[in-house]
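Let me begin by presenting the structure, written as structure tokens, before commenting on it.
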Amino acid sequence: MAELGYGEINDDALSAMNPPRTPYLVAVAALVGVVGYAALIFLYQIQFGMGVTGLNRPVCWAVYITNFVFWVGIAHSGTLISAILYLLRANWRNAVSRSSEAMTIFAVMTAGLFPLIHLGRLWAFYYIVPYPSQRQIWPNFMSPLVWDVCAVGTYFTVSLIFWVVGLIPDLAAARDRYEESLGPDHIRSRIYRVLALGWTGSGHQWRHYGRSYLFFAALATPLVVSVHSVVSWDFAMSLLPGWHSTIFPPYFVAGAIHSGLAMVLTLLIPMRKLLHLERLITLHHFEMVAKTIVLTATIVGYSYAMEAFIAWYSGDKYEWQTYLYRFTGRSAWMYWMILPLNVFIPSLFVFKKVRSSYLWLFTISILVNVGMWFERLFIIYTSLAHDFLPNNWGVYRPTFVEYSITAGSFAFFFAWFLGFSKFLPTVPVSELKEKQAEHELEETSAKQTHPGQEAEVQGTSGARVLAVFSDAGQVLGAVQSALRAGFREIETFSPTKIEKVAELLGHHNSPVRYWTLIGAISGLLGGFWLAVGTALVNSLIVGGKPPASLIPYCVIGFEGTILLGSIFNLVGMLVHARLFSIKVRPEYDRRFSRDRFGLLVGCTVPEVERLKTLLSENAAEELHVHG
11 MAELGYGEIN
21 DDALSAMNPP
31 RTPYLVAVAA
41 LVGVVGYAAL
51 IFLYQIQFGM
61 GVTGLNRPVC
71 WAVYITNFVF
81 WVGIAHSGTL
91 ISAILYLLRA
101 NWRNAVSRSS
111 EAMTIFAVMT
121 AGLFPLIHLG
131 RLWAFYYIVP
141 YPSQRQIWPN
151 FMSPLVWDVC
161 AVGTYFTVSL
171 IFWVVGLIPD
181 LAAARDRYEE
191 SLGPDHIRSR
201 IYRVLALGWT
211 GSGHQWRHYG
221 RSYLFFAALA
231 TPLVVSVHSV
241 VSWDFAMSLL
251 PGWHSTIFPP
261 YFVAGAIHSG
271 LAMVLTLLIP
281 MRKLLHLERL
291 ITLHHFEMVA
301 KTIVLTATIV
311 GYSYAMEAFI
321 AWYSGDKYEW
331 QTYLYRFTGR
341 SAWMYWMILP
351 LNVFIPSLFV
361 FKKVRSSYLW
371 LFTISILVNV
381 GMWFERLFII
391 YTSLAHDFLP
401 NNWGVYRPTF
411 VEYSITAGSF
421 AFFFAWFLGF
431 SKFLPTVPVS
441 ELKEKQAEHE
451 LEETSAKQTH
461 PGQEAEVQGT
471 SGARVLAVFS
481 DAGQVLGAVQ
491 SALRAGFREI
501 ETFSPTKIEK
511 VAELLGHHNS
521 PVRYWTLIGA
531 ISGLLGGFWL
541 AVGTALVNSL
551 IVGGKPPASL
561 IPYCVIGFEG
571 TILLGSIFNL
581 VGMLVHARLF
591 SIKVRPEYDR
601 RFSRDRFGLL
611 VGCTVPEVER
621 LKTLLSENAA
631 EELHVHG
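The sequence shown begins at 11 in my numbering and counts up by one.
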């Protein structure tokens, strides 16, 4: 990766968006066909009722809820890679972050289908939406199922915003590429021009964009932990043996990241080959994902051991008999299958030969996802089928309806991912260029001098000189020279952010942080207001308990904090970076999104020649004067 230039990174990433060929269209058609078949089966289920599934008494949750938990788990790796590893400055995440974020969006979309499918009467969904009505029916915000709706909805919204914001600089690169090759009036050029929101890569835009992206990562990081913790509370808040356990939140979060990272390998290994991204996504990136899987496999294995220890050490005979049933009963084959698939086999990644083989990486990733799907089914099914009373024990066998809809969910997910791979940049182009820019800046030995020690240029700006450079270090040197010469009206254009230039120009922290803070506080207060206000509508007192309870409402307050904080952060970034137009500045050059850097300096008309000489001495390739 280090030897690739800006233009090569740009071309490799955007060439993957070339018009699709016949095999791609056949694959998409096949996936859409499976989705259509699953939709017909779902209509059949609506027509004849939930009796066409294997659900029964006592097993009222099974494959559908398994799919919901599984797909929410798959979504976790995207935010882990894009947010948590971004805050930890793990550079290896750059090449795989965009596809992981896309995977998050499509996985949450898929997961969101299953509560509706499981409802049977899906038109009753509106009862869980808090809105005023003459019936005064409001959702119970002390229910983990309502927490689930709020958490998953917030996760989808924040992940979508995070993903779209990350795409903006790369959409501008796609816009400029298609305007140059196909013309500005071509349909693809028009689409990307609208999506790019007038991005020019100016220093002003990068300043607000960088801070906003950092705040998104900070907001999304606790959200990763909270979402699957809330999903686990759907089970842990019940009293069923095998479910009622405090280990579930960390256990579910680790399992979610475990399966999500495995899906990253499953998707990106073939995508890398089919889209010819070998120079951008290397074996090193997959090795780092594999090493992270070793960590999550260790946590999952520890959780399995703790489940057994807790059941035994608690002295609860119901808990212990449920655990004995799990590894000796009719479903024991799943128990003895998930142990090797989720713990022992992925632990083989500790060996260099295993994690450096594409065949092993791909095979083990599939096995892990198979194991994690069965783990979720095993947890859900066994506690329901084998609870407190022997006369209430039962069995469960899925029907073709559940198998068909499950297959349709996988086809739905892969169809969206295939569409993404052809219409949007699959790797973050600007972030990959950032590493090259940092390398060039390190080689620049020019000393940063505080401006103002030399004579300043007199008069107001009457002209602007645009200098074009091929190196980030050259821009830094030119900015230093311009400042020493007394020029103050300076703007830069670059295909990636250059923080050293921003520091040199003395740019203060972006005011976007105030928008984020106001949004977060509003979301916190609004979340508690909604939950408490809903409880006080009817003021029902059950068992002597007060109608409102602040501790459970912390979940709603937290989700409101993250949701409105992210939305306000987005609005603040759009306002301050002036990303609300499809037009670009007249000085902008399409090469600034590919492999060139621009320096725009304002001066008086008599100073134009002196400024041009100064910029030429700093290796400017081209000079343009704008009135």
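No residue lacks a Cβ here, since even glycine has one placed at the ideal position from N, Cα and C.
Roughly how many angstroms separate the alpha carbons of residue i and residue j, rounded to a whole number?
i      : j      : result
VAL310 : PHE398 : 27 angstroms
GLU297 : ARG474 : 49 angstroms
TYR141 : TRP148 : 7 angstroms
ALA630 : VAL364 : 49 angstroms
MET347 : GLY265 : 16 angstroms
GLU453 : PHE225 : 30 angstroms
TRP537 : SER255 : Note that residue 537 corresponds to Gly in the displayed sequence, not to Trp. Spanning the two alpha carbons is a distance of roughly 27 angstroms.
TRP253 : LYS510 : 52 angstroms
ALA39  : ALA421 : 10 angstroms
ALA558 : LEU271 : 40 angstroms
LEU580 : SER222 : 7 angstroms
ILE279 : ILE197 : 31 angstroms
VAL635 : LEU98  : 43 angstroms
ALA100 : THR614 : 45 angstroms
GLY46  : TYR54  : 13 angstroms
LYS67  : ILE291 : Checking the sequence shown, residue 67 turns out to be Arg, not Lys. Spanning the two alpha carbons is a distance of roughly 49 angstroms.
PHE337 : SER393 : 12 angstroms
PRO30  : LYS432 : 7 angstroms
VAL237 : ALA161 : 5 angstroms
PHE124 : PRO194 : 43 angstroms
LEU284 : TYR34  : 10 angstroms
SER87  : GLU597 : 40 angstroms
TYR136 : LYS301 : 44 angstroms
TRP322 : VAL174 : 48 angstroms
PRO616 : SER480 : 28 angstroms
SER269 : GLY83  : 7 angstroms
VAL168 : GLU627 : 47 angstroms
SER242 : ARG187 : 46 angstroms
LEU493 : LEU514 : 9 angstroms
SER440 : ASP158 : 35 angstroms
LEU609 : GLU501 : 6 angstroms
GLY404 : SER341 : 12 angstroms
Taking 8 angstroms as the threshold (C-beta atoms), are residue j and residue i in contact?
i      : j      : result
ILE51  : SER414 : yes
LEU233 : THR120 : no
ALA112 : PHE427 : yes
VAL478 : GLU632 : yes
VAL73  : THR416 : yes
LEU207 : ILE178 : yes
ALA587 : TYR219 : yes
ARG407 : THR76  : no
LEU286 : SER25  : According to the sequence provided, residue 286 is His. The question's Leu does not apply to it. In contact: HIS286 and SER25 (Cβ atoms closer than 8 angstroms).
SER603 : GLY211 : yes
ILE376 : THR276 : yes
PHE497 : VAL611 : yes
ALA482 : PHE607 : yes
ARG200 : PRO438 : no
VAL263 : ALA307 : no
ILE572 : LEU229 : yes
SER239 : VAL304 : no
Could you give the C-beta distance for residue i and residue j, rounded to a whole number, given that I count them as a contact under 8 angstroms?
i      : j      : result
ALA183 : ASN28  : Between ASN28 and ALA183 the Cβ distance is about 15 angstroms, and since that is not below 8 angstroms, they are no contact.
VAL542 : TYR524 : VAL542 to TYR524, Cβ: 27 angstroms. No contact.
ILE267 : MET316 : About 18 angstroms separates the two Cβ atoms, so there is no contact after all.
SER110 : ILE91  : 4 angstroms
ARG185 : TYR202 : 4 angstroms
What is the residue span of the beta strand (DSSP E) that residue i lies within?
i      : result
ILE500 : 500-503
Can you name the residues that DSSP bridges to residue i?
i      : result
GLY608 : VAL478, PHE503
HIS636 : ARG474
CYS613 : ALA473
SER212 : PHE503
Kindly indicate the opening and closing residues of the alpha helix (DSSP H) around residue i.
i      : result
LEU284 : 258-284
SER109 : 104-129
GLN55  : 32-58
ARG198 : 197-205
PRO179 : 154-191
VAL378 : 368-395
ASP641 : One cannot answer for residue 641 here, as it falls past the ends of the chain, which runs 11 to 637.
PHE319 : 293-323
GLU453 : 439-453
PHE568 : 560-586
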